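Using our numbering, you'd call the opening residue of the sequence shown number 290 and step up by one each time. Backbone N, C-alpha and C fix where the C-beta goes; we use that ideal spot for every residue, glycine too. Owing to the predicted nature of the structure, the values given are computational and were not obtained by experimental measurement.
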Amino acid sequence: MSQCQFDYRDKVVFVAGGTSGINLGIAQGFAKAGATLAVMSRSQDKVDAAIEALKQQGGQVMGFAADVRDVDRLKVVFEQAHRELGPIDVLVSGAAGNFPAAANEMSANAFKAVVDIDLLGTFNVLRYCYDYLRKPGASIINISAPQAFIPMEMQAHVCAAKAGVDMLTRTTAMEWGPEGIRVNSLVPGPIEGTEGMKRLAPAGSLGAQRVIDSVPLKRQGTVEDMANAALFIASDIASYINGAVLPVDGGWGLGGAGQLGQSLAEMAKLAQQPGT
Ligand code: HXC
Ligand code: NAP
């Protein structure tokens, strides 16, 4: 697959949750296009590893260990990133948590954990980075999921949180558009080799067998597919796209994605049967 050619030299890109999987792939795409990068996640080890990987592209890279639920820490992180790198041109908000659990079996705290990371965490990132965004000109990308518009069994927490993320995208696009800030969501489909797919469709599971069949393009996506979409939507070429929720999913969200929830529910029933 060909790599898109975009020029992000002299641009500062901050990726919240950018130390593994899709978000690290997006950070890599911007780094290859010449951007200065800042990545942030909870684990200092993951932050250090991501810095090393991103530095291979030759540009400046900063990393921060921080939890998107910790507002006081976020204030310090964004102030420091701005002081050292200047105004932030592209903000990617992609920190998330997921596990399969039935609504009648998960605790209130389990539901809250996912809402706090995915939805409140996205608000926190946007809210406390806002002062440090380039105005006009900044582009914000929230990372959503098909669960935002396709109800999925065993995913009530994620469906609720990601639907909220997309409404946050639309609302901030309205409020901040007049200042020259664009806000959009990217909706990954099933992206191969990621933590999300390991948790929801582990190798050999019912879900894993069904995923590719249920994608109209008959393949899983790659982190490079996600990076290409991010490079496009943050670029001047997309300068009139604001408040969009863009699937990057091979058409999975047209209907097939719902089968993943059915598979999760079937697997949970099988696991409860004696002898399994
Ligand atoms: C039921 C669970 C659970 C599980 C945790 N909990 N795992 N409940 N089933 N499998 C409950 C705990 O018992 C606890 O409730 C509450 O959730 C909080 O758990 P903690 O471990 O204290 O939370 P925390 O340390 O904050 O960790 C958050 C996490 C964790 C979401 C639980 O898994 C995490 O850090 N995930 C980050 C990585 C990740 O998930 N990546 C995938 C993203 S993919 P109690 O009541 O006991 O206190 C994605 C979309 C994929 O988002 C879409 C694919 C199509
Ligand atoms: P991943 O590798 O687990 O990525 C999640 C990232 O967020 C990690 O860098 C993680 O690092 C960080 N993070 C988690 N909780 C955090 C917190 N509380 N504060 C700060 N950082 C936190 O998962 P992924 O599968 O690539 O998913 C990435 C994004 O794509 C998520 O938004 C997910 O919902 C979305 N998505 C994924 C798929 C898929 O196929 N995988 C499909 C649709 C949507 P730490 O552990 O160090 O904090």
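Tell me which residues share the same chain as Ala354 and place their Cβ nearer than 8 Å to its Cβ, disregarding the 5 neighbours each side in the sequence. Met329, Ser330, Arg331, Ser332, Gln333 and Val336
Neighbourhood of Glu442 by C-beta distance below 7 Å, restricted to the same chain and skipping five residues each side: Gly550, Gln551, Leu553 and Ala554
Taking the alpha carbon of Ile406 as the reference point, which residue from Ala391, Trp465, Gly383 and Ile470 has its own alpha carbon closest? Gly383
The alpha helix (DSSP H) enclosing Arg416, as first and last residue numbers: Gly410 to Cys418
For the beta strand (DSSP E) that Ile311 lies in, which residues bound it at each end? Unbroken run through Ile311 is the alpha helix (DSSP H), Gly310 to Lys321; no beta strand (DSSP E).
By DSSP, does Pro435 sit in helix, in strand, or in coil? Pro435 falls in the helix class under three-state DSSP.
Provide the residue span of the beta strand (DSSP E) that contains Gly352, from first to last. Val350 to Ala354
State the start and end residues of the unbroken beta strand (DSSP E) segment that holds Arg471. Arg471 to Pro477
Helix, strand or coil at Met515 [DSSP, three-state]: helix
Grab me the residues of Ala316's own chain with a C-beta within less than 8 Å of its C-beta, minus the 5 sequence neighbours each way, in chain order. Val302, Val304, Gly307, Leu326, Val328, Ala339, Leu343 and Val381
Indicate whether the contact test is met: 3 or more Cβ pairs, each with one atom in the stretch 473 to 491 and one in the stretch 526 to 536, closer than 8 Å. yes
Spatial distance of Pro425 from Leu313 (CA atoms): Whole-angstrom Cα-Cα distance: 26 Å.
Tell me whether Met441 sits in a helix, a strand or coil according to DSSP, three-state version. coil
Would you kindly check if the distance between the Cβ of Pro477 and the Cβ of Ile432 is under 8 Å? yes
Going by the beta-carbon positions, is the gap between Gly542 and Phe438 smaller than 8 Å? yes
Should Ile406 be listed as close to the ligand FAD, given that the test is whether its C-beta is under 7 Å from any heavy atom? The model depicted lacks the ligand FAD and carries the ligand HXC and the ligand NAP instead.
For chain D, find out if any of its Cβ atoms is closer than 8 Å to the Cβ of Gly539; answer yes or no. Chain labels in this structure do not include chain D; a single protein chain is all it has.
Specify the secondary structure class of Gly556 as computed by DSSP and reduced to three states. According to the sequence provided, residue 556 is Met. The question's Gly does not apply to it. It is helical.
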